[in-house]
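Trainee: Mapping the sequence shown onto numbering that gives the first Met the number 0, position 141 (from 1) lands on 140, and the numbers just tick up by one.
Don't be surprised by glycine CBs; every beta carbon is placed ideally from N, CA and C.
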Amino acid sequence: MPQLLFHGAAGEVTGSMHMVQVDGRWAALDCGLFQGRREASEQKNREWPLPPSQIAAVVLSHAHIDHSGRLPRLVRDGYDGPIFCTPATRDLCALMLPDSAHIQEEDVFYVNKRRRKKGLPPVEELYNYKDALAAVERMQSISYKRWFEVVPGLLARYNEAGHMLGSAGVELTFGKRNGHAPTLYFSGDIGRPGKPILRDPAPLPACDTLICESTYGARVNESIDQAREKLIEVVKRTYARGGKVIVPAFSVGRTQTIVYYLHEAMLAGEVPRYPIFVDSPLAVNATEVFKMHPECYDAEARSLNRVTGDILGGGCCTYVRDVEDSKALHEKQGPFSIIAASGMCEAGRIRHHIKHNVADPRCTILIVGYQAADTLGRRLADGAKEVTLFHETFPVRAEVVQIHGFSAHADQADLLRMLTPLAGGTQKAFLVHGELEQSNVLAGSLRERGFAHVAIARRGERLPV
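1. For Met18, does the three-state DSSP call read helix, strand or coil?
2. How many whole angstroms separate the CB atoms of His63 and Met163, which I take to be in contact at a CB cut-off of 8 angstroms?
3. Along the chain, which unbroken stretches of the alpha helix (DSSP H) at least 4 residues long are found entirely within the stretch 285-346?
4. Are the stretch 176-195 and the stretch 328-344 touching by the rule of at least three beta carbon pairs closer than 8 angstroms?
5. When DSSP labels each residue in this structure, what does Arg157 get in the three-state scheme?
6. Would you call the CB atoms of Pro247 and Cys344 closer than 7 angstroms?
7. Sorted by chain position, which residues of the same chain lie with C-beta nearer than 6 angstroms to Pro181's C-beta, five sequence neighbours on each side aside?
8. If I follow the unbroken alpha helix (DSSP H) through Leu435, where does it start and stop?
9. Please classify Glu398: does DSSP put it in a helix, a strand, or coil?
10. Could you give the distance in angstroms between the alpha-carbon of Arg320 and the alpha-carbon of Phe276?
11. Ordered along the chain, which non-local residues of its own chain (more than five positions away) have a Cβ less than 8 angstroms from that of Val270?
12. Which whole-angstrom value describes the C-beta separation of Arg458 and Ala9, a residue pair presumed to lie in contact below a C-beta threshold of 8 angstroms?
13. Mind the definition here: the stretch 136-149 touches the stretch 80-87 only if three or more C-beta pairs lie below 8 angstroms; say whether that holds.
14. Pairs of beta-carbons, one from the stretch 299-307 and one from the stretch 277-286, closer than 8 angstroms: are there three or more?
15. When the distance is taken between beta carbons, is Tyr109 closer than 7 angstroms to Asp466?
16. When burial is assigned at 16 or more other CB atoms within 10 Å of the CB, is Arg348 buried or exposed?
17. In or out: Asp324 buried (at least 16 other Cβ within 10 Å) or exposed?
18. Considering only the alpha carbon of each residue, which of Arg446, Lys129, Leu462 and Leu415 lies closest to Leu203?
19. Restricting to runs no shorter than 4 residues, where is the alpha helix (DSSP H) found entirely within the stretch 121-172?
20. Say whether chain E places a C-beta atom closer than 7 angstroms to the C-beta of Ala131.
21. Residue range of the beta strand (DSSP E) that Val277 falls in?
22. Quick check: Val453 and Arg461, are their CB atoms within less than 7 angstroms of each other?
23. Count the other CB atoms within 10 Å of the CB of Met291; is the residue buried (16 or more) or exposed (fewer)?
24. Once DSSP output is grouped into helix, strand and coil, what is the label at Lys229?
25. Would Gly14 and Gly31 be called neighbours here (beta carbons separated by less than 7 angstroms)?
26. Figure out for me which residue from Ala380, Ala160 and Leu171 has the closest Cα to the Cα of Pro151.
27. Can you find the residues in the same chain that come closer than 6 angstroms, C-beta to C-beta, to Ala131, ignoring five residues on each side of it along the sequence?
28. Taking the alpha carbon of Gln394 as the reference point, which residue from Leu73, Asn356, Gln437 and His6 has its own alpha carbon closest?
29. Assuming Gln2 is part of the beta strand (DSSP E), what are its boundary residues?
30. Measure the alpha-carbon distance for Ala134 versus Asp22 and round it to whole angstroms.
31. With distance defined between alpha-carbon atoms, name the residue in Asn220, Phe147 and Lys129 nearest to Ala407.
32. Which stretch, first to last residue, makes up the beta strand (DSSP E) that contains Thr208?
33. Is the separation between the beta-carbon of Pro48 and that of His6 shorter than 7 angstroms?
34. Excluding the 5 residues flanking Ser222 on each side, which residues of the same chain have their C-beta closer than 7 angstroms to its C-beta?
35. Quick check: Ser438 and Ser279, are their CB atoms within less than 7 angstroms of each other?
36. Measure the alpha-carbon distance for Glu299 versus Gly314 and round it to whole angstroms.
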């Protein structure tokens, strides 16, 4: 009998990884990085639900690091099977995994520097650049809606998830048993209908077992249109003060969304034409990948692309690669906007921009995405009066604004709208990728709508499909 084994993003948001067994062969759904408090995540990122050499295949839902970021470690620890993904996901992972490796190497360099001073032995990086390239080499591109064999007795196909470029839900069907072929659907991360650039999420197929994200299972966010209006108001307000809008944003997805909206607003005369700096080499490269995959665009983006020739900034946006050019932005007088990674302010150039602007009341720190517990972004969003960066403490005098409507995740209303048609047919629903408060509220709402069995996935839990 097929089995499920939950490992990551069970009772939490990061580290997505769920195991499926059929006829003694194991396949992994995602292989994501745990993020948050260093000590806890560092330990979990080195643990596997079973030896990597015993995993036969990986089916990747999308390129975000909390879903793909441990693939290099998996390969380093002995995995030698295929990694299935969509074409856009492969192209993004070819950028994002080496970038993540660079962060791992840089991080362990500074950790070991401090350990040497204390007379402690060095620690090993989670993975390196070579491991990242080895993981990318194992990737096999599969188009949407095309059935493929994961392992003997297990077929899969990708459905549009609308979360990020190349994102997908995974429809799985097992070999017939007693005249019935059991089906399982893994949602991956579900996007919001009406988001710019990308197609909307496809309707969820009927399934016996459902594994569904619950990031915003208890929250109804503002609409996309409301979020856009808030963005415009923040820009106008900060522009009038002569300040900088500092936007921590994921290099892939959120950065392009914000650039798209600002570009559109400038073309429409809704905000002054003023400089936008995308200060992230990864975001620069990711934007090129976006331009390589217009097949993922929605009708509106295709139309704007035909008119402007460039939906991602045109002449108003400067993409910054060089470190010295990034440093020059610290001294440059506003008003202008800086969009930089990482989205949760845990690494990258955004930490330097926050350091130089968080104490300036003319400036705004604009939070536009999910912030995991124990991250700098979460502390800012929760109203911290001071923050520590590079061993210095700074008062928070800048305006801090959080806009939830730009989230790439479906909110409670979106999820219920998509999931309710499955009530009565789906025998078991397991909620993952959510803090417990969010998952519990969504579970209750699904039970009210007729789902017979809804449970919060638990790390290490093994169940029959």
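Mentor: Short version:
1. strand
2. 6 angstroms
3. 298-307 and 322-330
4. no
5. First, the amino acid is wrong: residue 157 is Tyr here, not Arg. Of the three classes helix, strand and coil, the one that applies to Tyr157 here is strand, per DSSP.
6. yes
7. Shown here for Pro181: same chain residues with a beta carbon closer than 6 angstroms to its own, the five before and five after excluded, namely Phe173, Asp207 and Val464 in chain order.
8. Leu435 to Glu447
9. strand
10. When rounded, the distance between both Cα atoms is 10 angstroms.
11. Ile231, Val234, Lys235, Tyr238, Leu261 and Ala264
12. 4 angstroms
13. yes
14. no
15. The chain is shown only over 0 to 464; residue 466 falls outside these bounds and no answer can be derived.
16. buried
17. exposed
18. Leu415
19. 128-136
20. In the structure shown, chain E does not exist; there is a single protein chain.
21. Ile275 to Asp278
22. Arg461 sits away from Val453, with the two beta carbons spaced by 7 angstroms or more.
23. By the 10 Å Cβ count, Met291 comes out exposed.
24. helix
25. yes
26. The residue from Ala380, Ala160 and Leu171 with its alpha-carbon nearest to that of Pro151 is Leu171.
27. Pro71, Leu96, Pro97 and Ala100
28. It is worth fixing the name first, because residue 394 is Pro in this sequence and not Gln. Answer by Cα proximity: Asn356.
29. Unbroken beta strand (DSSP E) run through Gln2: Gln2 to Gly7.
30. 26 angstroms
31. The candidate whose alpha carbon is nearest that of Ala407 is Asn220.
32. For Thr208, the uninterrupted beta strand (DSSP E) segment begins and ends at Thr208 to Glu212.
33. yes
34. If we look at Ser222 and ignore the five residues flanking it on each side, its Cβ neighbours are Gly404.
35. no
36. Straight-line spacing of the CA atoms in Glu299 and Gly314 works out to 20 angstroms.
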